[in-house]
Amino acid sequence: TGSASVGATARYSGGACGEGGDAPGQPLSASAFELAEAKIECELLRQRLATEEKACAQARRGHAAMLEESSCAEAKTSALQSELRALLTALNMRSGDEASGALKGAA
Numbered sequence: 342t343g344s345a346s347v348g349a350t351a352r353y354s355g356g357a358c359g360e361g362g363d364a365p366g367q368p369l370s371a372s373a374f375e376l377a378e379a380k381i382e383c384e385l386l387r388q389r390l391a392t393e394e395k396a397c398a399q400a401r402r403g404h405a406a407m408l409e410e411s412s413c414a415e416a417k418t419s420a421l422q423s424e425l426r427a428l429l430t431a432l433n434m435r436s437g438d439e440a441s442g443a444l445k446g447a448a
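For the sequence shown, this note's numbering gives the first residue as 342, with consecutive numbering after it.
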């Protein structure tokens with residue numbers, strides 16, 4: 342908890358906790374001290390939660406961007422594969438025509 346950062350001899354100073362002895366400068370009662378610690382810990386947890394929520398949102402955006410890039414890469418790969426198949430088919434047909442032309446010329 343936050344007890345290490347808030348000394349055991351904490352005094353009311355009119356701060357954010359708003360709890361203390363009867364007058365400013367009076368020692369905090371044990372329950373008021375525990376309440377002050379709990380409020381500090383609660384605020385720290387709120388800040389940590391906000392940080393984690395921001396990190397989670399960034400991760401989601403990054404994941405969405407990565408999926409979009411992956412889809413784009415898959416589409417480009419598919420298009421290149423189609424072009425390659427067409428090129429190989431054209432080369433095979435051309436090679437076949439040259440081979441049959443060579444056979445006709447030899448005969």
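Every residue, glycine too, gets a C-beta built ideally from N, C-alpha and C.
Small disclaimer: the values here were computed from a predicted structure and weren't measured.
Counting the other Cβ atoms within 10 Å of the Cβ of L369 gives 16 or more, which makes it buried. Residue environment analysis places A377 among the buried positions, since at least 16 neighbouring C-beta atoms fall within 10 angstroms of its C-beta.
C-alpha of D438 to C-alpha of R402: approximately 54 Å in a straight line. If you draw a straight line from the Cα of L408 to the Cα of L390, it comes to about 27 Å.
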